[in-house]
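Residue numbers (my numbering), protein chains in the order written: chain A, 1 to 160; chain X, 1001 to 1160. Read the structure below first, then the notes.
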């Protein structure tokens, strides 16, 4: 499975919605997670920074949670966008999702200093709510399994 | 409820176990989460950095996941340490836990630029496994509820 995401959904989020620390392309200090289609699966690839340790040699759980989270909202956006007839290569603003719930089971310690690949399987549970089942691989070994319920961002979210 | 953690369990982790990006006191770039007792509850207080946005004005979910995660392992360490007869003010190395599973329900958008307070309730489910129920408050409003199952770090974890 390819490790290169050519067309990421986050590349097409509206500017106002592109400041997420995890996946916002405009957040200078963020992780810049990018999520795209590989066939019917969604994929996000990220190489942890040197400081993203749990104990030396292993990745801290919060980063894996962040990857599963943004991979989940990105995957849901990809899925609804495709359902609406669009791909992330199209010049069309995609829907933006927020996370309703996040769950991660840590299967085994995740080695540091290698790319992590999140692979998502998408399930529509409501027209505005999607569930993403994610496996996170390091060196082709599944180290964590995640589940996100993502909901279309309500209009009220952007109003402080 | 006090916002100041005087004696944090992370202050007493062994040096080898103090490199976590979330809660390691020796990780220069990390979040330096600190968890202590307030009565029978455990508390972690953290003020997000400017870049920790989801969209401007709100905190991104991955950070809340990280707080719930490290608050969970810290809370479990506090609980087992107390069961063993020690407080974090004692000059005694506490046990170190790892996260088996992490769950977060995002109740409402979490405002940015205010301290977040995680308050944990601890449940022993096995001598080496504890469940921590956490509520995350911003301005005294509960914005997220979390659940962590934390297990005593196996000896094999530190062996790459």
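Yeah, the Cβ is synthetic: ideal placement off N, Cα and C, and Gly gets one too. All values reported here derive from a predicted model rather than from experimental measurement.
Check                                                                                                                                                         : Outcome
Alpha carbon to alpha carbon, how far is residue 1066(X) from residue 1150(X)? Give it in angstroms, no decimals.                                             : 14 Å
Run through DSSP, which three-state label would residue 156(A) get?                                                                                           : helix
Would you report the Cα separation of residue 1003(X) and residue 1009(X), rounded to the nearest angstrom?                                                   : 16 Å
What does the alpha-carbon distance come out to for the pair residue 75(A) and residue 1084(X)?                                                               : 45 Å
Between the C-alpha atoms of residue 1070(X) and residue 1055(X), what's the straight-line distance to the nearest angstrom?                                  : 24 Å
The region 1091-1122 of chain X: which residues have C-beta closer than 8 Å to a C-beta of chain A, in chain order?                                           : 1098, 1099, 1100, 1101, 1102, 1103, 1104, 1105, 1106, 1109, 1111
Would you kindly check if the distance between the Cβ of residue 96(A) and the Cβ of residue 77(A) is under 9 Å?                                              : yes
How would you call residue 1115(X), buried or exposed, if buried means at least 16 neighbouring beta carbons within 10 angstroms?                             : exposed
Could you tell me which residues DSSP pairs with residue 41(A) in its beta bridges?                                                                           : 38(A)
Does residue 99(A) come out as helix, strand or coil in the three-state DSSP assignment?                                                                      : strand
Spell out whether any CB of chain X is found under 9 Å from the CB atom of residue 160(A).                                                                    : Low local confidence applies: a pLDDT of 40 at residue 160(A) is under 50, so the model's placement there is unreliable, with the coordinate-based value given in what follows. Cβ-Cβ to chain X under 9 Å: yes for residue 160(A).
For residue 29(A), does the three-state DSSP call read helix, strand or coil?                                                                                 : coil
The beta strand (DSSP E) that contains residue 126(A), what's its start and end?                                                                              : 116-126
Quick one: residues in its chain with C-beta nearer than 6 Å to the C-beta of residue 129(A), no 5 flanking neighbours on either side, listed in chain order? : 151
At which residues does the alpha helix (DSSP H) containing residue 131(A) begin and terminate?                                                                : No alpha helix (DSSP H) contains residue 131(A), which is instead part of the beta strand (DSSP E) from 129-138.
Is there at least one Cβ from chain X nearer than 9 Å to residue 58(A)'s Cβ?                                                                                  : yes
Measure the alpha-carbon distance for residue 1160(X) versus residue 134(A) and round it to whole angstroms.                                                  : Confidence at residue 1160(X) is low in this model, with a pLDDT of 40, below 50, so the placement of that residue should be treated as unreliable; the coordinate-derived value is given next. Cα-Cα distance, rounded: 25 Å.
What residues of chain X sit near residue 52(A), judged by a beta carbon separation below 8 Å?                                                                : 1021
Please state the DSSP three-state secondary structure of residue 59(A).                                                                                       : strand
Can you check whether the C-beta of residue 75(A) is within less than 9 Å of a C-beta belonging to chain X?                                                   : no
I think residue 1027(X) touches residue 51(A), with their Cβ atoms under 8 Å apart; what is that distance to the nearest whole Å?                             : 6 Å
Listing by chain order, which chain X residues have their CB less than 7 Å from the CB of residue 65(A)?                                                      : 1062, 1065, 1066, 1069, 1102
Run through chain A and tell me which residues come within less than 7 Å of residue 1137(X), C-beta to C-beta.                                                : Those within 7 Å of residue 1137(X) in chain A number zero; the least Cβ separation is about 18 Å.
Determine whether the beta carbon atoms of residue 37(A) and residue 88(A) lie at a separation below 9 Å.                                                     : yes
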